[in-house]
Structures are given as structure tokens and as C-alpha cells.
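Reviewing the structure listed below.
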Amino acid sequence: MKQSPLQLVNERFGNKDTLVDKLAGMVDREGEDKDEFKGRLLSMANSKLLRLHDAHVAMSERFGSKDQLVSAILALMNKGKDVDYQDKLSRLTPVRLLAMHREQERKAKRLKP
């Protein structure tokens, strides 16, 4: 039987506070106070917290950083020198960037003979 998000959080991290502490170190706060940010994370659903954590771990393991992920997307799109588009992509969330990268990889595979 499939585990609930609460069961997954408790199994993988022990409790929600531990997961929030790990996420607070990974996610950009964008000028928000650390305590406010942790409060916002604590009020989020467990499933969303798990999805955020998994996306940040996947990004750091596969690409190292958000900037490298953006560079990989630009390379797949042949827009390596487009600074404005790079700035736009750098403002997106890692979850959205990973989805974009996956889409561009599929597109590149289809176009190759």
C-alpha cells in the first residue's frame, strides 16, 4: 500500500521540523527573514515539502547548482549567448527548470535522426 506524505516524511526525515530545517538551507529565501520563511515552510503540505526537497536534491546531484542547470537548458535550446533569457530562467524555481530541461532533452532526442 502506498504511504501517505506524513509517513514518508517521518520515515525519511524523522519529523517535519527536520525536513523544514534541511529545506531552509537549500531554498532561496529572496530577502525574507529566516524565521518567517521557516514558518511558511512549516505551514506547507508534507507532499509539497517532499517534492521541493526531491527537486533540490536532484538539481544538486545532476547539475551542481541552479546556474549550471540554466546553462544546460540554454545549451539544449542553442541560446547560450542570450543574456536576457538567461536572467529570466534564473528567476524560475528549480522544479520548473528541471521540467524544462526534461522537455528540452526529449525534444532534442526526437529531432536527432
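Mapping to the working numbering: the sequence shown position 99 is 107, numbers consecutive.
Note that CB positions come from ideal geometry on N, CA and C, so glycine has one too.
- For Ser12, there is no enclosing alpha helix (DSSP H), as DSSP marks it with neither H nor E.
- Under the three-state reduction of DSSP output, Gly72 falls in the coil class, being neither helix nor strand.
- Each of Asn86, Arg48 and Gln76 was checked against the Cα of Asp29, and the nearest Cα belongs to Arg48.
- Closest in C-alpha terms to Ser98, from the list Gln112, Thr26 and Leu82, comes Leu82.
- By the 16-neighbour rule on beta-carbons within 10 angstroms, Leu60 is buried.
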